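Sequence lines, in order, name chains A and B.
Everything in the first sequence is counted per the working numbering, starting at 78 for the first residue and increasing by one.
Everything in the second sequence is counted per the working numbering, starting at 43 for the first residue and increasing by one.
Have a look at the structure below, then the notes.
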Amino acid sequence: MNQAIKKLSRKNLEALIEAFEYISSQLNPDEVLKLVLEQISQLLDAEAGSIFLINEKTEKLELKVATNLSKKEIEKIKVPLGQGLAGFVAAKNQLVNITDVSKDERFYSHIDSITGFKTKNILTVPLKTSEKIVGVIQALNKKNGDHFSEEDEILLTEFARLVGLTLEKVWFLSQLIEKQTIETDLKIASKIQESLLPKNELKFNNVLIKGFYKPAKYISGDYFDFFIINENEVLIVLGDVAGKGAQASLIMASIKAYLSAAIESKLDFNIIANNLNKFLAFNTPFDKFVTLFLGLINFNENFVQYFNCGHEPGLIINSKKEIKYLPSNNIMMGVLDDFEYIPSSLAFDNDSFLFIYTDGVTEANNKNNERFGTENLINILLDNYKNPLKIFEILPESINKFSDGLDQFDDITFLMVIR
Amino acid sequence: MMNSAEFRIEKLNDICKIEILVHLASAPIAGKLKDTIDEVINKYVCRKILFDLSKVCFIDSSFLGAIVYAYKNLLKYNGKITCIVTVAGVYDRFVISQLDRLFNIYSNLEDGIKYLQN
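Written as structure tokens, this is what we have:
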């Protein structure tokens with residue numbers, strides 16, 4: 078027990094303990110402040126009270142609760158640190174007991190003019206957590222007496238100390254609950270996003286189409302998909318929305334929705350690409366774009382028609398270990414609504430495989446800030462050209478080994494078509 | 043104009059040069075670059091922006107997004123942008139994304155300024 082508290086009468090000490098028990102029963106910070114306001118009047122035998130909290134960003138004290146003021150009026154009252162009585166107490170970390178406000182220029186009469194309340198005397202003490210000053214507590218107009226006494230000063234100071242500890246606890250709990258809620262929401266969003274990707278590989282005649290997806294965070298802007306167009310053709314897609322997080326994942330979901338509807342409507346491949354670009358240009362923020370690989374594979378005529386829109390080059394590797402590239406041939410989608418997207422074509426024969434990937438594969442880095450790179454990727458593809466399915470195991474393992482424990486920085490996604 | 047640890051901003055007549063001072067131009071500073079672009083376009087009414095990326099060794103899609111943000115914002119004012127790039131990996135990124143079809147990219151400041159002046 079500190080020295081000051083010993084000066085309190087037994088009655089006040091008991092009232093203080095009771096007030097603390099009362100306010101600490103609440104876990105909601107706003108409710109705690111309301112209870113504190115009630116207790117100020119009871120403990121100090123004051124006509125009114127108020128609590129200001131510091132907004133660290135604006136460096137102003139903001140009124141949070143006050144007797145006789147509406148919520149709207151409370152929200153308007155903000156005092157710069159160092160100014161007025163509350164600002165002085167918070168800046169100087171010093172109690173101020175004014176016995177006659179008319180004689181003290183630090184008193185700010187504006188609040189009285191709003192409420193019609195006439196402040197005569199006022200006791201203001203700093204409100205502190207274990208680390209810092211977070212605001213001030215005020216008691217206004219002693220009911221039985223001319224002003225607040227020395228014992229009132231001790232009583233309010235000790236009460237403010239207990240309020241500070243209580244607020245520290247409830248703020249921490251609120252943050253924890255908020256974090257857990259966000260975490261739960263993100264886990265749900267992650268599950269929804271994964272459900273938008275194909276669940277299984279596609280076996281189409283003698284062809285296997287399969288994707289791999291590993292997001293860096295819960296939700297990402299990477300996307301792959303495949304759609305059967307007819308008995309000879311399959312449309313494949315792999316995209317990467319600029320940036321990460323919720324915004325990127327929502328854009329990714331809208332691409333999936335657009336493509337599903339466009340394919341269902343049997344739109345021409347050219348129209349699908351050009352309309353998708355228009356849709357993205359009109360419906361995404363200025364700093365968002367999508368690098369996208371859209372391919373239409375004709376297994377009867379052995380060729381792939383593709384739009385590589387600002388994406389890493391795709392690769393076709395045949396049984397002779399020969400590599401053909403499918404480089405970027407159009408600008409990223411969503412930048413210019415009137416850009417005309419034109420496809421390219423390339424032979425895609427039996428006994429070969431097509432590999433497309435997002436930059437998370439080649440840009441995976443390690444502690445020395447080195448990148449996994451296209452050379453490592455191509456070596457893995459060539460080493461496994463006889464059994465390309467092994468790439469689904471070996472590539473993620475190699476990236477993981479290369480990263481050497483460093484957190485995954487970008488989403489890793491790739492798609493293969495094995496003939 | 044506001045300089046920071048990440049950007050140095052300089053006015054060259056009607057051109058605003060934003061020099062990127064970091065080696066890794068990625069998501070954490072892309073948001074700050076967008077704020078700087080807003081300030082340059084709206085507060086200082088600048089319609090020609092030169093991004094000097096000569097110190098940048100790596101650029102990610104978020105940062106590229108901030109440059110696209112400047113390009114799209116200036117389209118409505120008939121403004122233009124250019125980038126000064128000296129590192130091959132960064133240049134490749136612009137080529138793969140095909141952004142070099144929308145605005146010119148140079149390896150030195152003089153050529154970039156000439157492009158914006160014409």
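We put the beta carbon where it would ideally sit given N, CA and C, even for glycine.
Everything numeric in this text was worked out from a predicted model, so none of it was measured.
It is roughly 37 Å from the alpha-carbon of Cys125/B to the alpha-carbon of Glu474/A. For Ser104/B against Ala72/B, the beta-carbon gap comes to about 4 Å, under 8 Å, which counts as contact.
For Tyr300/A, the secondary structure class from DSSP, reduced to helix, strand or coil, is strand.
Contact between Ile313/A and Ala266/A is absent: CB atoms are separated by about 25 Å, not below the 8 Å threshold. Selection Lys90/B, Thr128/B and Val137/B evaluated against Asn120/B yields Lys90/B as nearest (Cα-Cα).
Closer than 8 Å at the C-beta level to chain A, one finds these residues of the region 127-154 of chain B: Val137, Ile138, Ser139, Gln140, Leu141, Arg143 and Leu144. Looking at the DSSP output, Cys99/B sits in no beta bridge, so it has no partner there.
Sequence-ordered contacts of the region 91-121 of chain B with chain A read Ser103, Ser104, Leu106, Gly107, Ala108, Val110, Tyr111, Lys114 and Asn115 [C-beta pairs closer than 7 Å].
Within the region 44-61 of chain B, no residue has a Cβ lying closer than 9 Å to any Cβ of chain A.
Glu81/B and Lys53/B have their alpha carbons spaced roughly 13 Å apart.
Residue Asp436/A holds the alpha-carbon nearest to the alpha-carbon of His388/A among Val247/A, Asp436/A and Ser118/A. Straight through space, the alpha carbons of Val240/A and Ile332/A are spaced by roughly 52 Å. Taking the CA atoms as reference points, Lys294/A sits about 29 Å from Asn407/A. Here Phe384/A is buried. Its C-beta has 16 or more other C-beta atoms within 10 Å.
Under the Cβ criterion of 9 Å, Phe301/A is not counted among the residues facing chain B. The DSSP-derived three-state label of Gly241/A is helix. In this chain, the beta strand (DSSP E) harbouring Thr201/A covers Ile199 to Lys205.
Under the DSSP assignment, Ile476/A falls in the alpha helix (DSSP H) whose first and last residues are Ile468 to Ser480. Lys246/A carries a helical assignment under DSSP once its states are collapsed to helix, strand and coil. Selection Val213/A, Tyr418/A and Lys220/A evaluated against Lys197/A yields Lys220/A as nearest (Cα-Cα).
One Cα belongs to Ile374/A, the other to Leu392/A, and the distance between them is close to 14 Å. At a cut-off of 9 Å between beta carbons, Lys156/B makes no contact with chain A.
Interface flag for Ile419/A against chain B is unset, since no Cβ pair is found closer than 9 Å. For chain A, the residues of the region 67-79 of chain B that bring a beta carbon within less than 7 Å of one of its beta carbons are Ala69 and Lys76, in chain order. Here DSSP, grouped into helix, strand and coil, assigns Glu208/A to coil. Annotation for Tyr295/A: no alpha helix (DSSP H) segment contains it, and DSSP assigns it neither H nor E. Burial check for Glu440/A: the Cβ neighbour count within 10 Å reaches 16 or more, so the residue is buried. Inclusion of Pro404/A and Ile101/B in the CB contact set at 9 Å is not warranted, their separation being larger than that value. For Gly372/A, the enclosing beta strand (DSSP E) starts and ends at Val367 to Asn375. Among the bridge pairs identified by DSSP, Arg50/B is matched with Glu61/B.
Leu315/A and Phe366/A have their C-alpha atoms some 14 Å from each other. Rounded to the nearest angstrom, the Cβ distance from Pro106/A to Val247/A is 5 Å, consistent with a contact under 8 Å.
Taken in chain order, the complete beta strand (DSSP E) segments of 3 residues or longer contained in the region 355-438 of chain A are 367-375, 380-386, 391-395, 400-403, 421-424 and 429-434. Residue range Ile489 to Ile495 is occupied by the beta strand (DSSP E) that includes Phe491/A.
Cβ proximity to chain B below 7 Å picks out Phe363, Asp364, Lys365, Phe366 and Thr368 from the region 356-386 of chain A. In this structure the region 325-339 of chain A does not touch the region 419-428 of chain A; the number of beta carbon pairs closer than 8 Å is below three.
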